[in-house]
Each structure stands twice: as C-alpha cells, then as structure tokens.
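Here is the structure we will look at.
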Amino acid sequence: MKSLRKIWSFFNNKQKIHSIYLLFGVLIATNLEIVGISSFLPIVAAIVDYDTIKNYPIIAQLSQNLSQKEFIYICLGCTLAIYLIKNFFLLAFLWFHTRFNLNIQLSIIDKLYKTYLNVDYLFHLKTNSARLITNIQTNASHAKFFIGTYFKLIVEIVLLISIFFLLLFIEPFSTLATSIFSFTLTGILFFYTKNKLRKNGELKIVHQNNISKLLISSMHGIKEVQILDRQDGFEKNLNQQYVKLNNLELNYIILTSLPRIFLEVIGVFSFVVFILILLYQNQTPSEIIPTIALFSISFIRVLPAVVSMVQNLQHRKYHKPAFDLIFDELEILKKANFIDKKDKPQIKEFNKEKIDITFDKFFFRYPNFDKNILNNINFKISHGEVLGIVGGSGSGKTTFVDNLLGLLKPTEGQILANDINIQLNIHQWQKKIGYVSQSIFIMDAPIEDNIAFGIEPENIDKKLMEYALNNAKLIELNQKLSKSNNPSVGENGVRLSGGQRQRIGIARALYRNPSILLLDEATNSLDKDTENQILDVIGNLKKEKTVILISHDKNTLRYCDRIISLNNGYLEEINL
55 MKSLRKIWSF
65 FNNKQKIHSI
75 YLLFGVLIAT
85 NLEIVGISSF
95 LPIVAAIVDY
105 DTIKNYPIIA
115 QLSQNLSQKE
125 FIYICLGCTL
135 AIYLIKNFFL
145 LAFLWFHTRF
155 NLNIQLSIID
165 KLYKTYLNVD
175 YLFHLKTNSA
185 RLITNIQTNA
195 SHAKFFIGTY
205 FKLIVEIVLL
215 ISIFFLLLFI
225 EPFSTLATSI
235 FSFTLTGILF
245 FYTKNKLRKN
255 GELKIVHQNN
265 ISKLLISSMH
275 GIKEVQILDR
285 QDGFEKNLNQ
295 QYVKLNNLEL
305 NYIILTSLPR
315 IFLEVIGVFS
325 FVVFILILLY
335 QNQTPSEIIP
345 TIALFSISFI
355 RVLPAVVSMV
365 QNLQHRKYHK
375 PAFDLIFDEL
385 EILKKANFID
395 KKDKPQIKEF
405 NKEKIDITFD
415 KFFFRYPNFD
425 KNILNNINFK
435 ISHGEVLGIV
445 GGSGSGKTTF
455 VDNLLGLLKP
465 TEGQILANDI
475 NIQLNIHQWQ
485 KKIGYVSQSI
495 FIMDAPIEDN
505 IAFGIEPENI
515 DKKLMEYALN
525 NAKLIELNQK
535 LSKSNNPSVG
545 ENGVRLSGGQ
555 RQRIGIARAL
565 YRNPSILLLD
575 EATNSLDKDT
585 ENQILDVIGN
595 LKKEKTVILI
605 SHDKNTLRYC
615 DRIISLNNGY
625 LEEINL
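The opening residue of the sequence shown carries number 55 in this note's numbering; numbering runs sequentially from there.
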C-alpha cells in the first residue's frame, strides 16, 4: 500500500484521471473474458447431449423452440462475435495502457531533468553527474516498469478472481481444491525469488552508476588516458562492471522464467486433480464433458494470467529499488533551493543599463563547513569600471565569482545592484551578466549555435550574433567553417585551438549584450596577439559595461582601473 500511495502522489491530475480510465478498462476486459469463456459451456453441452442444457435455467429458457442445430449455430455466432469484440477492445486497451506507461516514463524524465537543471548550484557541487545521468537514462525506465506492473497485476488478479468465481459457481468443490493446491505452490515460488530479485535490482543500480562514471571519466580524459597509457586499466574496470551486470541480468532472466516452467507443471497437476475429483463424484459423461471443456478453456486463459501475475510480482521487486530512488530523490529535491525564474516587475533597478554593485558586510561559508570562505567584504564596483581581482589558489576567488553570479547565497550580508539585493530577482540579475570561464563548455555544433547556446536556430538574433562574432574576432573562422562540409566544431571543440574556444566563450557572453562582463581567467590560454585584441575590445567596452577581470597576468590587469586582492577570504585594494 505504501508503494501505491507513492505512485498516486507521483501522478499529476491528468495521469490520475487516465489511471481511473484504465481501471474501468480492466473491468470491461474482465467481463468480456468471462462472457467469452462462459459462451463455450452451452455449445459443448448441446453437442454432447442437448437435454443437459435443461440443467442451466437461463440457457434452457433462451433455447425454447430451437432445434439442436439452430441452438448450436446461434451459440457459435455469439461466441465468435464476443471474441471479436473482446480482442478489438483488448487491442485498444493495450494501446492506451502502453501509451500511458510511456507517458509516465517521459513524465519521470522531464521531472528529473527539469529538477536537475533548476536546483541550486550547491546540489551540483556535491553530486556526481554520472548518478544524475543514470537516473535519467536508466532508472527512469525501471521506475516506469515498476508502475506498469501494478496495472498489469490488477488486470490479472481481477481476471483470475472472476474466473475462480465462475468455476466455483459451476463446480464448487473441485474448483476450491485445485485453487488451494495451485496458489499454495505459486506462493512458495514467489517468496523464494522475491528477495533475490530485490537484491538484484539494488546491485544493478550500483553497477550502472559505476559504468556511467567510468565512461564519463575515460571519454572526458581521453588525452590523459592515452598519454599515461591507462587504456588497459579503464578497459579492465569497465569489463568487470559489465560482467557483474551481466551476471545480475542472467539471474533476473532465470528467476523470472521459473514461473512459466514451474506453473505449467502445477497447471497440469491441477487439471488432473480436477478431473479425478469429477470422476470420484460419479457424474455421467454428458455432465462431466461440458464442465471439463469449460475448465480447459479457463485453464488456457488462467495459466498465462497466473504466470504473468507472478512475473509482474517479480518485476515489481526487481524494479522497486529504482522507483524508490527516483521518488526519494524528487521528494528530497522538493525541499532544496531552486533558481527563481520568475521576473518580478516591481524591481525596476535591474532594468537600468547603468548598474553599481555593492558588497555589504558580506560573508560566505559552505554548508557543514566551520570556516568562512569570504569574510566581511565591503566594497563598491561602479558602472563602467574595469576591476581586476587577484589571489592565490584557495583564496576564495571562485566562491566570490559564484556569489556574484547568483549561483550561491551569502551566509551573511548581501550583494546590492543599485541598492537592491540581487537575491530578490536572481533570474533578472543573471540576464545582466556575461560570464566567461577559464574552461569553456563547447557543444558539437556550429560556432553560431555554440554562441547562442540553447537558443533554437530560428530564434537567433542576427544583429547580436554579428556583434558578438565581430568583437570576439570570430568572423573569419565562422565563415570558413560555415562553408565546409562539416561546420561543427567537434565534441568539446576538438577542431578548435584553445584560443578559439575562449573566443567562443567571450562571444557567448557578448551575445547577451550584458551590462556586466565577468572574465574568470578567460584570456589565459590565448596567444599574446589574440589576448591583446580581446583586451582592446574590453577597453572599448569600458564606458558602456562594467568589466571584472580575474587574472594573474600583469598584461591583462594593466587595463584595470582598480585591483583588489583576495587572501584567505579577506579583501584589500592593491597596486601592481
């Protein structure tokens, strides 16, 4: 019941309505199955001994004034019509059920991806990306299967109960005896396999996470892998993980195949027991044969239903760890901080082109850390100023930048833009910043797509694109690649030099036409000529934009109006 409550709370309103439709579909399908099975009883009874239909009052009443052949023809026609209607309905039900399951998977993936993209930056600092990728690519599918097993179980259980009561009405003692015998053995089989399958499901998640980590590490670090000659180590490790995963898959296949093999034997035993009980009751052949026919037809439908029921119970155990992981992750993330994407029109100060930035009694400490990374920072950055920031490793420069970008929140104090706290409207604030990091993320796409970054090609602003390309000195390279057979820059910009990748980062920042340009060691990998060209661009932007340069290079810092130094979280103004 706990899992059912989780599933119900997981559904949105539309999915809840669709699930109710599915339950109604189950009831209709079950009634059609029962009517279809029951329709064979009068046919067999009439063929064996037409007088025996008098034992069934409703059938006897319907057969008045009909000859044996007429009655059989009518029953055959009705049976054919029932099965045609039933199977057309089951086909439609299968389509609806399958589509529902696929939409559930899409909904899970959408929830996860949207959550991961919008949860605060701290979550990503402490979470391995391989786990997030595995959740979306693999565990979402397992969660979908887990939810799907409940609907399949409902279908099979309702059908089995209905057939049980039908047979109980026709032949109470034999039905009860064989049912107890069959379901006792079936229960033993399920309880033998359920814990093994749950453990398999838990271990599968572990190995899939390990595989994702290995693949991401080796592909992203392919240069180091080849230079350090570590191919064999990565290959061996990956092979070991897949061997373990394959062994789990083998166990899963064997354990879920047992019901079909085992239950077939149980079914034959039950059928034999049923007939022996009928013979023991000294019934005549004309009385036994219709009952055996009904039981046989029921057996043909019941056996697959029982096999399916047990297998779905097994699948439920196997996929439950993945569903619990996804559900718990989303529940935990509900309590996390998210990026506020809603613009607040009442805050108009951010809309101004000229923005002064003030750090007011600013402190920052990471959660669960005892020591502040930034301490009592108080200073102002005026509009149009070029500010240089220097500091050694561990001085707090990266944390300073992340706070200024609005990715982190201060522990104490505030950052003000025109005397308004930026935390009041982070989304609008971030629109004002063009950020260039030391390590630029490059997509396997043309230059213009990399600059627009996430904007559909038809929505790219041509004027802004020309402005960004021109100021980042990328016009010539863009024209050259655009005319080639393969305009893409390659995965992670493999077809570009380090300087060209940095210029794409600068162009990406300029495409936003920001009021504030923040360059975090952004010119370090450029040659001197290119660096000087970029610095000249920055110099030209001096009056219209605020520029913050983080660098160790005196050549870069010579353009700065002021230089501040960060040392152990404290700030002071210096001269170079």
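Glycine is no exception: its CB is placed at the ideal position from the N, C-alpha and C atoms. Please read all numbers here as calculations on a predicted model, not as lab measurements.
In the three-state reduction of the DSSP assignment, S619 falls in the strand class. Secondary structure note for L462: it is in no alpha helix (DSSP H), with a DSSP letter that is neither H nor E. At the C-beta level, F423 and E466 stay beyond 8 Å of one another. Only exposed fits H606, as fewer than 16 other CB atoms lie within 10 angstroms of its CB. Boundaries for A471: no alpha helix (DSSP H) harbours it, while the beta strand (DSSP E) harbouring it runs E466 to A471, taken from the DSSP string. Annotation: I480 to L458 spans about 10 Å, alpha carbon to alpha carbon. Take the alpha-carbon of C132 and the one of I208: they are about 28 Å apart.
Taken in chain order, the unbroken stretches of beta strand (DSSP E) that lie wholly in the stretch 548–617 and span 3 residues or more are 570–574 and 600–604. Assignment of L441 by DSSP, reduced to helix, strand and coil, places it in the strand class. When Cβ pairs closer than 8 Å are counted between the two stretches, the stretch 162–179 is seen not to touch the stretch 135–142, the count staying below three.
Sequence-distant Cβ neighbours of I270 in its own chain, meaning closer than 8 Å and more than five residues away, are S183, A184 and I187.
Per DSSP, the continuous alpha helix (DSSP H) segment holding D164 begins and ends at Q122 to N172. Between E530 and I514, the CB-CB gap reaches or exceeds 8 Å. When only Cα atoms are considered, A376 and A197 end up about 6 Å apart.
When the five nearest sequence neighbours on each side are left out, the beta carbons in the same chain lying within less than 6 Å of the beta carbon of I320 are those of S236 and L239, in order along the chain. Taken in chain order, the complete alpha helix (DSSP H) segments of 4 residues or longer contained in the stretch 58–107 are 67–92 and 94–102.
By DSSP's assignment, K408 forms no beta bridge with any residue. Note: Y624 is bridge-paired with N621 in the DSSP secondary-structure output. Burial check for I217: the Cβ neighbour count within 10 Å reaches 16 or more, so the residue is buried.
In the DSSP annotation of this structure, the continuous segment of the alpha helix (DSSP H) that includes Y296 starts and ends at Q285 to Y334. Ranking G553, Y565, K425 and P344 by CA distance to the CA of S93 puts P344 first. Fewer than three Cβ pairs drawn from the stretch 507–523 and the stretch 482–491 lie within less than 8 Å of each other, which leaves the two stretches out of contact.
Under DSSP, L428 forms a beta bridge with F418. With distances taken between CA atoms, W483 lies nearest to P568 out of P568, N546, L564 and E627. The C-alpha of N524 is placed about 31 Å away from the C-alpha of I476. Inter-residue distance for S493 and P500 is about 18 Å (C-alpha atoms, whole angstroms). Comparing alpha carbon positions, the residue from H72, R616 and I91 closest to I346 is I91.
Residue range A194 to I224 is occupied by the alpha helix (DSSP H) that includes V209. Using a 10 angstroms sphere on the CB of S362, the tally of other CB atoms reaches 16 or more, which defines it as buried.
From the listed residues V360, I618 and L251, the smallest Cα separation to I307 is found for L251.
In the three-state reduction of the DSSP assignment, V360 falls in the helix class, which pools H, G and I. Separation of S121 and I112 (C-alpha to C-alpha, rounded to the nearest whole angstrom) is 17 Å. In the DSSP secondary-structure assignment, V260 is not bridged to any residue. Taking 8 Å as the cut-off, the Cβ atoms of A359 and L213 count as close. Residue burial annotation: Y565 is buried, with at least 16 other C-beta atoms found within 10 angstroms of its C-beta.
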